[in-house]
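For the sequence shown, this note's numbering assigns the number 447 to the initial residue and increments by one for each residue that follows.
Idealized CB from N, CA, C, for every residue including glycine.
The structure presented is a predicted model; accordingly, all values stated were derived computationally and were not measured.
What follows is a set of notes on a single structure, which appears directly below.
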Amino acid sequence: RFPDGVQVGVDTVGSIGVMQQLEQTMRRFGHLVSAGFYGANDCLALQPPRYKELSIDLVSGATPERLETTMQLVAEGVLVTLPLITHRFPVADAAKAWELIESKREPVLGVILEWEK
């Protein structure tokens with residue numbers, strides 16, 4: 447940590463707990479970025495970051511232009527995405543896939559539900 451705290455904190459995993467930990471490590475007038483997905487029941491207290499006068503960005507990065515460019519880069523092989531798939535499940539086992547994701551008993555990055563042809 448810098449003597450007065452960190453200037454920029456970024457959460458990319460979608461954890462309110464991580465956001466709260468980051469907020470505690472931030473220096474006054476720091477910059478907090480939320481780039482994770484928190485689900486439908488997310489709730490972040492605004493008063494603690496206000497005391498430090500933090501700026502907060504809530505980003506998704508999704509625009510039609512970015513999505514089109516990303517799809518083009520994947521199609522051209524510039525962005526290699528297959529190694530990001532860590533698990534595959536038949537669609538009938540979707541509940542098991544979700545349980546694995548929520549349990550966090552092992553690292554899960556990308557989950558594919560495979561449909562019968």
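Is DSSP giving aspartate 488 helix, strand or coil here?
coil
Secondary structure of aspartate 450, DSSP reduced to three states:
coil
Please tell me whether arginine 473 and glutamine 453 are closer than 8 Å, where the distance is taken between their beta carbons.
yes
Alpha carbon to alpha carbon, how far is glutamate 545 from glycine 485? Give it in angstroms, no decimals.
Their Cα atoms are separated by approximately 15 Å.
Taking 8 Å as the cut-off, decide whether the C-beta atoms of valine 537 and isoleucine 547 are in contact.
no
In three-state DSSP terms, what is glutamate 560?
strand
When burial is assigned at 16 or more other CB atoms within 10 Å of the CB, is glycine 476 buried or exposed?
The residue is buried, with at least 16 neighbouring Cβ atoms inside 10 Å.
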